[in-house]
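Working notes, beginning with the structure itself.
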Amino acid sequence: MSVLQELIVKFNKNKNQELYIRIIKEIQNIEKIWVAFSEASNNYYLGNEKGRAAAYIFSEKDYFDKYYVYAEQRGIKVKSVENTSEYRMAFLGDLYRCGFECIVIDNGQTYLTLDLFDIIQKPDIENMPKDTKLIVNRDLMRTFNWFLQENSKQPANPQMWQLLFSEIFKAEYIIPADTSKIKLGKNTGNEFNMTDDSQIAFPMLQNGDGKTFYPFFTDWNELRKYDMESKYTGMAGSFKDMQSFAGKADGIVINPYGANFILNNEMLESIAETVKNFSKETSKVSVGDPKNYPLEMVRKISECLWEKDYIEAAYLKIMLKDGKESYLVALEGKLPDNPTSLYNEIAEKALPSADKMPIDFIDYSSDFAQRAFKGASAFYKKKY
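The sequence shown stops at residue 383 when you use numbering that gives the first Met the number 0, and every number in between is there.
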């Protein structure tokens, strides 16, 4: 049994701050750990632990091997990646930029889930100076992981594509540029301007079919996988730049040495149209608090949720969509992959007490729910 596993066993028997700190230090300094890695996403395996994006690490290789068998039986394809103490902080930083929120240690043994920011300090990106080296896209990276993992099991549905397209549209990117032929002419005072004969070149990648793509990167780490010798300058780019560059090639590729996600001109047009339509739909939706609180309906929902250990909390709002009102219930926790049957079960028990008003359900971790229920208090919380 590893030292880390011993500490976790002790902590689960007697939870105290001193043991928790020792566990964190052991994670930071243990000689080797093994991390579950998804070949589908070419990134660390992304799991869902109570609605949070989770990475899975193991303090012994044998522990991972047992988890591998468990995962394979459930159609989850993972392999192990070894991480040594020398590169531990780089690994934890990788988890941050890829959108992970927590880590699960020794799943399958006596395990423990820790918040990532209990182990590393969360960067204060909003108050940092604007610099392409500080560009990160945690939401897009997390969505890439989720999308590619799920798509490897069965083809993505329209809702999955919509979520991915939305994140691609919102993200800020790094575009590599060859600025070696830029010439500066001195202007008045200490100002310099580029001369008319200056040139900026943008590299392209070619696939086996001879098609060319401009590379776009979600962060500096992804850029360095491509530009290991630092030949290029990183320039900030947006979705509009993608559209512009794609018109001069067969498309663009996001993180060619990571997600390797190719977008041709047709897909870029589809993203623009999808986001436009999605914006129209959401603009017609308003959410607020119910004037007459439906106590009996809330009680029925809570009774139903008591049996669901995976539901952590539930929240209630009134939604007005296309002039029609309904109750909107957000469920927080590890929802089933297809939660329709869960929603139907709750609705069946709660509708008789809803005063003839429909009940809509939503995953609390969704972007819309995060905006609509920001600051809201839960009417139901899991009892431990």
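All residues carry an ideal CB built from backbone N, CA and C; glycine is no exception.
Tell me which same chain residues have a C-beta within less than 7 Å of the C-beta of residue 332, skipping the five on either side of it?
-> 49, 50, 309, 310 and 311
Per-residue DSSP class, three states only, for residue 92 = helix
Identity of the residue in 250, 328 and 174 nearest residue 263 by Cα = 250
Beta-carbon proximity check, residue 66 vs residue 39, cutoff 8 Å = no
Note down, one range per segment and in chain order, each beta strand (DSSP E) of at least 3 residues found wholly within the segment 326 to 364.
-> 358 to 362
Taking residue 59 as part of the alpha helix (DSSP H), name the residues at either end of that continuous run.
-> Segment: none, residue 59 is in no alpha helix (DSSP H) and carries neither H nor E.
In whole angstroms, what separates the C-alpha of residue 114 from that of residue 335?
-> 22 Å
What are the boundary residues of the beta strand (DSSP E) that residue 157 is part of?
-> Counting along the chain, residue 157 falls outside any beta strand (DSSP E), though it belongs to the alpha helix (DSSP H) covering 157 to 169.
From this set, 105, 339 and 233, which residue's C-alpha is nearest residue 176's C-alpha?
-> 233
Residue from 135, 343, 368 and 61 whose Cα sits closest to the Cα of residue 106 = 61
In this structure, what does DSSP give as the bridge partners for residue 262?
-> 251
Check whether the segment 293 to 305 touches the segment 343 to 354, taking contact to mean three or more Cβ pairs, one atom from each stretch, closer than 8 Å.
-> yes
Pick helix, strand or coil for residue 296, following the three-state DSSP scheme.
-> helix
Boundaries (first-last residue) of the alpha helix (DSSP H) holding residue 23 = 16 to 28
Determine the DSSP secondary structure at residue 305, reduced to helix, strand or coil.
-> coil
For residue 48, the three-state DSSP class (helix, strand or coil) | strand
CB-CB length for residue 104 against residue 7, believed under 8 Å = 6 Å
Check whether the Cβ atoms of residue 173 and residue 222 sit closer than 8 Å, and answer yes or no.
-> yes
Same chain, Cβ closer than 8 Å to residue 171, neighbours up to 5 away in sequence not counted | 134, 136, 235, 236 and 237
Exposed unless 16 or more other CB atoms sit within 10 angstroms - verdict on residue 227 = exposed
Relative to the C-alpha of residue 30, which residue among 1, 42, 19 and 140 is closest?
-> 1
Please name the residue, chosen from 161, 74 and 316, that lies closest to residue 152 on a Cα-to-Cα basis.
-> 74
How would you label residue 33, buried or exposed, when you count the other beta carbons within 10 angstroms and need 16 or more for buried?
-> buried
Check residue 136 in the structure and name its three-state DSSP category.
-> coil
Cβ of residue 56 within 7 Å of any heavy atom in the ligand PLP?
-> In the structure on display, the ligand PLP does not appear, and there are no ligands present to speak of.
Starting from residue 243 and walking both ways along the beta strand (DSSP E), at which residues does that stretch end?
-> That residue, residue 243, is in no beta strand (DSSP E); its alpha helix (DSSP H) goes 238 to 245.
From residue 355 to residue 364, what does the alpha carbon distance come to, in whole angstroms?
-> 28 Å
Excluding five sequence neighbours on each side, which residues of the same chain lie with their C-beta closer than 7 Å to the C-beta of residue 69?
-> 107
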